[in-house]
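Asks: Heads up: the sequence shown at position 262 corresponds to 1669 in this note's numbering, and the numbers run straight through without jumps. Quick one: the structure is below, and I'll ask about it shortly.
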Amino acid sequence: MLRRIAPALLTVLVVALGVTALAARPPQGTPQRTADFVVLAGIAGLRWEDVDPQSTPTLWRMAQDGSIGSLSVRSAHRPTCPVDGWLTLGAGSFAAWNGSRSVDGCPSAGVTVEQPDGIGANLPDQESVVQYNQQRLPWGAMPGSLSESVRCSVAVGPGAAVAAARPFGRVDRYASGLPADPRPLLGSCVLSIVDLGTVEGEDPATRAEEARAADAELARVLAARPPRSLVLVAGISDTAQPARLHVAVADGPGWERGWLTSASTGRDGYLQLVDLAPTALAALGRPMPERLFLGRPAISTGGRPADLAEAIDAPASADREAAAQRSVSGVFFALLAGVQVLLALAILPLLRRARPHAGPAGPTPVSGRIVAVVELLLVAAALTVPAALLADAVPWWRGEHPGWIFAGVTALLVAAGTAAVRFAPGYAGTLGPLGAVAGLTTLVVGLDVLTGARLQLNGVVGYSALQGGRYAGLSTVGLGVFLAGALLTGGWFAQRVHRGWRPAVMVAVGGLAVVVVGSPYLGADPVGAIALTAGVSVAAVISAGGWLTISRLAWATMAALAVGIGFAVVDLRRPPGERGSLGRFLSALGDGTGGFAVHRSSTENFETLVNSPLTVLALAGGLLVWFALLQPWGGLMRLFGIYPAVRAALAGTVVAAVLGGVLDGAALDLMGAAAALVVPMAALASLRVLGHAADRTRPATGRPRADDDSGPGGVGPVGGGDGPTGGGGPLGAVHPRPISGPPASAPAKVTQPASDPPGDRREDADESVDPTASGSTPDPTPTVPVPPRQVSRSSTEVAAP
1408 MLRRIAPALL TVLVVALGVT ALAARPPQGT PQRTADFVVL AGIAGLRWED
1458 VDPQSTPTLW RMAQDGSIGS LSVRSAHRPT CPVDGWLTLG AGSFAAWNGS
1508 RSVDGCPSAG VTVEQPDGIG ANLPDQESVV QYNQQRLPWG AMPGSLSESV
1558 RCSVAVGPGA AVAAARPFGR VDRYASGLPA DPRPLLGSCV LSIVDLGTVE
1608 GEDPATRAEE ARAADAELAR VLAARPPRSL VLVAGISDTA QPARLHVAVA
1658 DGPGWERGWL TSASTGRDGY LQLVDLAPTA LAALGRPMPE RLFLGRPAIS
1708 TGGRPADLAE AIDAPASADR EAAAQRSVSG VFFALLAGVQ VLLALAILPL
1758 LRRARPHAGP AGPTPVSGRI VAVVELLLVA AALTVPAALL ADAVPWWRGE
1808 HPGWIFAGVT ALLVAAGTAA VRFAPGYAGT LGPLGAVAGL TTLVVGLDVL
1858 TGARLQLNGV VGYSALQGGR YAGLSTVGLG VFLAGALLTG GWFAQRVHRG
1908 WRPAVMVAVG GLAVVVVGSP YLGADPVGAI ALTAGVSVAA VISAGGWLTI
1958 SRLAWATMAA LAVGIGFAVV DLRRPPGERG SLGRFLSALG DGTGGFAVHR
2008 SSTENFETLV NSPLTVLALA GGLLVWFALL QPWGGLMRLF GIYPAVRAAL
2058 AGTVVAAVLG GVLDGAALDL MGAAAALVVP MAALASLRVL GHAADRTRPA
2108 TGRPRADDDS GPGGVGPVGG GDGPTGGGGP LGAVHPRPIS GPPASAPAKV
2158 TQPASDPPGD RREDADESVD PTASGSTPDP TPTVPVPPRQ VSRSSTEVAA
2208 P
């Protein structure tokens, strides 16, 4: 009875863990009305490296008294040109200006601003811009949403006119520049948007001069600011390729000496350009538009250093790290894919010659030293991604040659990790390296997530704040190696316990991984948690043996659907401004705008599939598994038969990686990251299984039946059923008597042939049978040497006695 309801109980447990992890949310500060007036001042291209007490004294004092952060200026176009940045500010969503683009990607012509009455202004191109964003771009932005949310707005300068123009092109109050006395103009409306100029180029002297001019204009704005006002200064856009992080400063009541953050980033000190519009409305106490902004209102948090120079160094360093990450990341993944492809090609002849053969025919065995070296290379390849993650603990981006420094640090960490695995207890066992590498990877990524995912942000194998997609939690690569490591760790632990306890072990380890991935406090990836739930369910139902039947697949599918539906129900019950990505997507489906999200996801999947080097890694790993490891000579099918829990873990990894990649717009990136860990370890374990294909065990007197389940590793006294010749073998054969030697009724002591190397002895629970494991004492018969087992074509073809 318990066996029949076990899948249902496991499904309920996994669902409960998943929904609990996803439903809990960290407390978010509720923005309150803090100002009667808001002034948004934009300086295109301004970075934190431009801010110092000499060139920008006004901005320095403002940053000293207010809250600061790094601003990601993502828009609907890459790079975000000044006109795109201003338009995105006014839309509160990713927007872009239409028209022709020059070589560097920015419109070649300026913005036409007409002043028919001398009070306001009109943008004749606004109607076509609105249609372009509504019909051609996947974000469905509505330019002018910010100005439509207030009764009156002021624009100073052409860039500000783009942000303040209503959807039909009208600007309520407009001035081409600050008047001699800006007080009347800035006090005429509750919202004022001011264009303070542009800081562009890479020449330090030129940038300093332009920043000084913008700072002088800012001083005039601050001197004329209305009472009880909030002033936001933002480096509104890039000015050329490549993209950079920019300045964000808030000064006003309730914004004293803190870090800027928002629910859209989830990390202190980081803000998005789309957050500025909802921040202005929240500060004024105005309701958000019916069509919600993509951004969230900013808040000020504590923890900022008292020394402003030290505080500013953090966002400036983040900008340098993000810039270095962009140049190093592509090279790293290309090299990783190339190395793993070369290893896959090198291991093919070893797999062909790994199985011992009897008689004069057969290939010459490969030297043990060569096999040992290849095994270490496979371990090193599997540890490359977690080593690269740890390398970001060293500020390699500050050096003169950041790429070489990163490569050196990563190589040292890979060497240290490989040595730790090599000298770990149990390395000589078939599953020893697999368990050690999987556990080490899970530990590294898990500890980083538990401590705030600081190594993920702007890391080479993490995510970049310049992309504007994620600022906290797990990255795509981090999720791939973590789910693979967690499931393999669960499979390794499950293989070492009684067969009846294996599903519980898989659920325990996988359930913890689901909590780490899905919790907003930790991994903050609901899609990844749903995908991992499906993978854990698949692994649990087949971990004790058997195949992935339709009913078992149905239970796994039901678990993933239950977690997704449960989280969706909880998320939809929250206020619109507090919903997560899943709740907002379902809300968009309800109001007929969900097609934009579907279009974005399909576009991201296609672009990632075509452009990412991880696609090569996933395809190369799949080809090696299908055309080599899964072949009769490849060893993986034999590994699956001997170790069903490992087979379950690998199947769960494939399910979770494929499902997560499709739903998260990552295409094969998630599978490629998982393959970077799984494929080398599967190849290593297959090599070792083939190397022991001729090994055999002798059952002792009184050995229980094959279905007795009395051994800790499965069938047999000490897991013999999952051993090389036990009932859990590839064909499930149970030998009623010893393979050779005297009959079972007259047991004899067995000794290994003198020619067998010590490393070939079985060290795993499922690979050895202790003659006294059954509790009986063997008769004191003389020792009988055991001749090698005769193997011609497969491990199940046994020579006649």
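Each residue gets a CB set at the ideal place from its N, CA and C atoms; glycine is no exception.
Return helix, strand or coil for PRO1679, following the three-state DSSP convention.
Replies: Sequence check: residue 1679 is Gln here, not Pro. GLN1679: strand per DSSP, three-state reduction.
Asks: With a threshold of 6 Å on Cβ separation, who are the neighbours of GLY1665 within its own chain once the five nearest residues in sequence on each side are excluded?
Replies: Once the five neighbours on either side are set aside, the close Cβ partners of GLY1665 are SER1474, SER1707, THR1708, GLY1709, ARG1711.
Asks: Indicate whether VAL2032 and ALA1966 have their beta-carbon atoms separated by less than 8 Å.
Replies: Going by C-beta atoms, VAL2032 is not nearer than 8 Å to ALA1966.
Asks: Could you name the residues of the same chain whose beta carbon sits closer than 7 Å to that of ARG1878, not counting the 5 residues immediately before and after it, in chain order?
Replies: The question names Arg, yet the displayed sequence has Tyr at residue 1878. THR1672, GLY1673, ARG1674, TYR1677, LEU1864, ALA1872, listed in sequence order.
Asks: Flag this pair as yes or no: are the beta carbons of ALA1689 and SER1552 separated by less than 8 Å?
Replies: No; because the gap between Cβ atoms is not below 8 Å, this pair is not in contact.
Asks: Quick test of your reading: THR1896 and VAL2096, contact by CB under 8 Å. State the CB separation rounded to the nearest angstrom.
Replies: With a Cβ gap of about 19 Å, THR1896 and VAL2096 do not count as contacting.
Asks: Which two residues bound the contiguous alpha helix (DSSP H) that contains SER1644?
Replies: That residue, SER1644, is in no alpha helix (DSSP H); it is neither H nor E in DSSP.
Asks: Answer with buried or exposed for GLU1663, where buried requires no fewer than 16 other C-beta atoms within 10 angstroms of its C-beta.
Replies: That one is exposed.
Asks: Relative to the C-alpha of THR1646, which candidate in VAL1606, GLU1616, VAL1578 has its C-alpha closest?
Replies: Residue VAL1606 is the option with its Cα nearest to THR1646.
Asks: What does a CB cutoff of less than 8 Å around THR1487 pick up in its chain, not counting 5 residues either side in sequence?
Replies: Closer than 8 Å at the Cβ level, and outside the excluded window around THR1487, lie VAL1480, ARG1481, THR1495, SER1644, ASP1645, ALA1650, LEU1680.
Asks: Taking only the alpha-carbon atoms, compute the straight-line gap between LEU1796 and PHE1813 and give it to the nearest angstrom.
Replies: Cα-Cα distance, rounded: 10 Å.
Asks: Rounded to the nearest angstrom, how far is the Cβ of GLY2041 from that of SER2093, given a contact under 8 Å?
Replies: With a Cβ gap of about 6 Å, GLY2041 and SER2093 count as contacting.
Asks: Judging by CA-CA distance, which residue of LEU2075, THR1940, ALA2025, VAL2023 is the nearest neighbour of GLY2059?
Replies: Of the candidates LEU2075, THR1940, ALA2025, VAL2023, the one whose C-alpha sits nearest the C-alpha of GLY2059 is THR1940.
Asks: Name the one or two DSSP bridge partners that ILE1706 has.
Replies: In the DSSP output, where bridge partners are listed per residue, ILE1706 has THR1668.
Asks: Helix, strand or coil for PRO1586, going by three-state DSSP, please let me know.
Replies: Of the three classes helix, strand and coil, the one that applies to PRO1586 here is coil, per DSSP.
Asks: Go ahead and pull the three-state DSSP assignment for GLY1604.
Replies: Strand, per DSSP.
Asks: Please say whether ASP1579 and SER1349 have beta carbons closer to each other than 8 Å?
Replies: In the structure as shown, the chain begins at 1408 and stops at 2208. Residue 1349 is therefore absent and cannot be evaluated.
Asks: Under a Cβ-count criterion, where at least 16 other Cβ atoms within 10 Å of its own Cβ denotes burial, should ALA1503 be classed as buried or exposed?
Replies: It is buried - the Cβ of ALA1503 has at least 16 other Cβ atoms within 10 Å.
Asks: Checking 8 Å against the spacing of the C-beta atoms, do LEU1790 and VAL1867 come in under that value?
Replies: Cβ distance not < 8 Å, so LEU1790 and VAL1867 don't count as in contact.
Asks: Could you spell out the range, first to last residue, of the beta strand (DSSP E) harbouring PHE1900?
Replies: PHE1900 -> not in any beta strand (DSSP E); alpha helix (DSSP H) instead, spanning 1883-1902.
Asks: What first and last residue would you give for the beta strand (DSSP E) that runs through VAL1478?
Replies: Inspection of the sequence shows that residue 1478 is occupied by Leu rather than by Val. Start and end: 1474-1479.
Asks: With a CB to CB cut of under 7 Å and the five nearest residues on each side skipped, what residues in its chain are close to GLY1692?
Replies: Around GLY1692: ARG1440.
Asks: Taking 8 Å as the threshold (C-beta atoms), are ALA1448 and VAL1628 in contact?
Replies: In this structure, ALA1448 lies closer than 8 Å to VAL1628 by Cβ.
Asks: Report the start-end ranges of each alpha helix (DSSP H) in the region 2023-2068 that is 4 residues or longer and not cut off at the edges.
Replies: Complete alpha helix (DSSP H) runs here, min 4: 2043-2049.
Asks: At the level of alpha carbons, what is the spacing between PRO1633 and GLY1594?
Replies: So the alpha carbons of these two residues sit roughly 6 Å apart.
Asks: By how many angstroms is the C-alpha of SER1535 removed from the C-alpha of ASN1505?
Replies: Going from the Cα of ASN1505 to the Cα of SER1535 covers about 8 Å.
Asks: Which residues bound the beta strand (DSSP E) around SER1552?
Replies: That residue, SER1552, is in no beta strand (DSSP E); its alpha helix (DSSP H) goes 1552-1555.
Asks: Going by Cα to Cα distance, which pick from GLY1702, SER1882, LEU1750 is closest to LEU1784?
Replies: Closest option to LEU1784, Cα to Cα, is LEU1750.
Asks: State the DSSP-derived secondary structure class of ALA1812, mapped to helix, strand or coil.
Replies: Note on identity: in this sequence residue 1812 is Ile, with Ala being the wrong assignment. It is helical.
Asks: Would you mind sorting VAL1445 into buried or exposed? The rule is 16 or more other CB atoms within 10 Å of its CB.
Replies: Flag for VAL1445 reads buried.
Asks: Determine, using beta-carbon pairs with one atom in the region 2073-2084 and one in the region 1883-1891, whether at least three such pairs fall under 8 Å.
Replies: Enough Cβ pairs lie closer than 8 Å, so yes.
Asks: Check for me: the alpha helix (DSSP H) holding PHE1740 runs from which residue to which?
Replies: 1715-1759 is the span of the alpha helix (DSSP H), which, as asked, contains PHE1740.
Asks: Please name the residue, chosen from ASP1457, GLN1902, TRP1908, that lies closest to GLU1617 on a Cα-to-Cα basis.
Replies: Here the closest residue by C-alpha is ASP1457.
Asks: What three-state label does DSSP hand ASN1529 in the structure shown?
Replies: Three-state result, ASN1529: strand.
Asks: Check whether the Cβ of ALA1725 sits closer than 7 Å to any heavy atom of the ligand MN, and report yes or no.
Replies: The ligand MN is not part of the structure shown, which contains no ligands of any sort.
Asks: Could you tell me whether the region 1527-1534 touches the region 1570-1590, where touching means 3 or more Cβ pairs closer than 8 Å?
Replies: With a cut-off of 8 Å, the region 1570-1590 and the region 1527-1534 count as touching, because enough Cβ pairs lie within range.
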